[in-house]
Structures are given as C-alpha cells and as structure tokens.
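S.K.: Structure below; questions to follow.
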Amino acid sequence: MLRQYRAKQWVRNVLDDVLRLGEHIHHDMKKLTPGYIPEKVTLYETGYSPKMERYGVVGLIESEDDKSLNLSQALNNALIDIDCCILNGPHIVAVWKQENKFYMFDPEERNPVGKLVEVGEAGVACLTWYTRLADLIAVYVGNLPKEKRNSKFMLCKVAIKDYVPRTEDWFSHKALKIDKWILRGTFN
3 MLRQYRAKQW VRNVLDDVLR LGEHIHHDMK KLTPGYIPEK VTLYETGYSP KMERYGVVGL
63 IESEDDKSLN LSQALNNALI DIDCCILNGP HIVAVWKQEN KFYMFDPEER NPVGKLVEVG
123 EAGVACLTWY TRLADLIAVY VGNLPKEKRN SKFMLCKVAI KDYVPRTEDW FSHKALKIDK
183 WILRGTFN
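Residue numbers 3 to 190, in the working numbering, belong to the letters of the sequence shown in order.
Right under this line is the structure:
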C-alpha cells in the first residue's frame with residue numbers, strides 16, 4: 003500500500019483495503035506450498051511483486067543477555083538499512099520508517115489508542131505512528147502478555163517491486179524472462 007499512498011495519507015478506507023487484500027492473499031497462500039509467496043499481487047489495478055526474506059534478524063523481545071539481540075536493538079539496526087520489515091513474534095505486525103516517523107500496522111483488534119482490547123470490548127486493526135522508535139516498541143511490548151515478553155522474534159525484510167510479467171515454465175525448463183528459459187543439470 004505504501005507504493006500507492008504515503009503512510010500519512012492513509013484513511014480508514016485504505017486500511018480496510020489493506021485488510022481485504024491481506025485476507026485475499028491469505029486464502030490464496032493456503033493453496034500454495036508452505037513458504038511460497040505469490041509472484042503477483044494486484045492492488046487498484048496495478049500489479050506488484052512481493053519479496054520477503056525468509057530469515058532475518060532473530061532475537062528475544064526483552065533479552066538482557068549480551069549474546070542475544072533484544073527488540074529495541076534489532077529494530078534500531080534493521081531500520082538503518084531497510085525501510086520496511088515484518089516483525090514475527092507473539093503478534094505479527096509490519097514496521098516501517100517514513101519521513102522520520104516510525105509506523106506500525108497491527109491487523110489485530112486494538113482499542114482507539116492501539117492497545118490490546120479487554121475481554122468483551124470491540125476493537126479494530128490500526129496504523130499507529132511515533133516520532134521515537136522506543137515508543138513504538140513500548141506499545142508492542144505492552145500489548146504482549148507478561149509470559150510472552152521474553153519470546154523469540156524475527157524481523158524479515160520486505161520489498162515490493164513493480165510486477166514484471168514472465169512466461170510460464172516449459173516442460174523441465176525454468177522461465178527466466180519473456181522468451182528465455184533455462185534447463186540446468188548437475189554432474190557428480
């Protein structure tokens with residue numbers, strides 16, 4: 003969605019479109035091999051090609067051990083080199099930096115200030131932004147039950163590029179691009 007709108011331009015309809023697209027991708031991915039990411043995602047009539055690292059920075063959310071990264075250290079280091087990542091932990095959220103602000107998209111039910119909803123309380127997905135990364139981390143950790151605050155997490159880099167059509171594989175030949183295939187062998 004950041005390819006269509008800057009984060010500060012998001013409104014409720016944009017958030018609803020993100021959730022709808024996520025639901026559509028989720029249903030499509032259930033039909034695919036585990037770990038496979040679709041080559042093309044269409045949003046507002048435009049095709050995109052998502053790329054996500056399978057493995058990224060790994061650590062413990064509130065680690066005091068010098069041998070393990072805590073969430074603060076990992077996000078500080080990761081957002082120097084990359085613009086957007088997925089935080090896979092007890093809760094899965096998207097985190098990115100844009101125009102000196104830190105954004106967190108949380109698809110789970112949250113109250114009007116982005117906090118965990120109480121039992122029986124209604125909530126919705128939310129996009130929150132912060133001028134300090136420490137505030138974003140405090141909200142994320144605050145939404146975790148105390149017993150999960152020392153859980154493992156993984157930050158995975160995400161890149162969304164324009165979709166470039168390519169031809170289908172042909173028999174045993176793998177398609178590289180339009181009008182170009184390859185068949186590779188091994189020699190032991």
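Where a beta carbon is used, it is the ideal one built from N, C-alpha and C, also for glycine.
None of these values were measured; they are calculated from a predicted model.
Quick one, which of P92, D85, V95 has its alpha-carbon nearest E101's?
M.R.: By one-based count along the sequence shown, residue 101 stands at place 99. The residue with the shortest Cα to Cα distance from E101 is D85.
S.K.: With distances taken Cα to Cα, identify the nearest neighbour of R22 among V43, I39, F104.
M.R.: Looking up residue 22 in the sequence shown gives position 20. R22 has its Cα closest to that of V43, out of V43, I39, F104.
S.K.: Is DSSP giving G49 helix, strand or coil here?
M.R.: Along the sequence shown, read from residue 1 onward, the residue named residue 49 stands at position 47. Strand, per DSSP.
S.K.: Give the single residue among E123, K99, P92 whose Cα lies nearest to the Cα of E149.
M.R.: The residue you call residue 149 lines up with position 147 of the sequence shown. Nearest of E123, K99, P92 to E149, Cα basis: P92.
S.K.: Let me make sure I understand the geometry here. Which of T188, Y105, D171 has the alpha-carbon closest to that of D181?
M.R.: Start at 1 with the first residue of the sequence shown, and residue 181 comes out as number 179. That would be D171, whose Cα lies nearest to the Cα of D181.
S.K.: Assign L71 to buried or exposed, taking buried as 16 or more other Cβ atoms, counted over all protein chains shown, within 10 Å of its Cβ.
M.R.: On the sequence shown, residue 71 is found 69 positions in, with the first residue counted as 1. Answer is buried; the Cβ neighbour count reaches 16.
S.K.: Taking the straight line between their C-alpha atoms, what separation do you get for W12 and Y132?
M.R.: In the sequence shown, residue 12 corresponds to position 10, counting from 1. In the sequence shown, residue 132 corresponds to position 130, counting from 1. The straight-line gap from Cα to Cα measures roughly 15 Å.
S.K.: Please determine, among V60, D18, G49, the residue with the shortest C-alpha to C-alpha distance to K159.
M.R.: By one-based count along the sequence shown, residue 159 stands at place 157. Taking only the C-alpha atoms, the option nearest K159 is V60.
S.K.: What residues in its chain sit with their C-beta under 7 Å from that of P109, if we drop five residues either side in the sequence?
M.R.: Within the sequence shown, numbered from 1, the residue matching residue 109 stands at position 107. L21, G24, A127, listed in sequence order.
S.K.: Bridge partners of I88, per DSSP?
M.R.: Your numbering for residue 88 matches position 86 in the sequence shown. According to DSSP, I88 bridges with A96, C158.
S.K.: Name the DSSP bridge partner or partners of W183?
M.R.: In the sequence shown, residue 183 corresponds to position 181, counting from 1. In DSSP, W183 forms a bridge with A177.
S.K.: I need the straight-line Cα distance from V166 to T130, nearest angstrom please.
M.R.: Along the sequence shown, one-based indexing puts residue 166 at 164. Along the sequence shown, one-based indexing puts residue 130 at 128. For V166 and T130, the distance between alpha carbons rounds to 32 Å.
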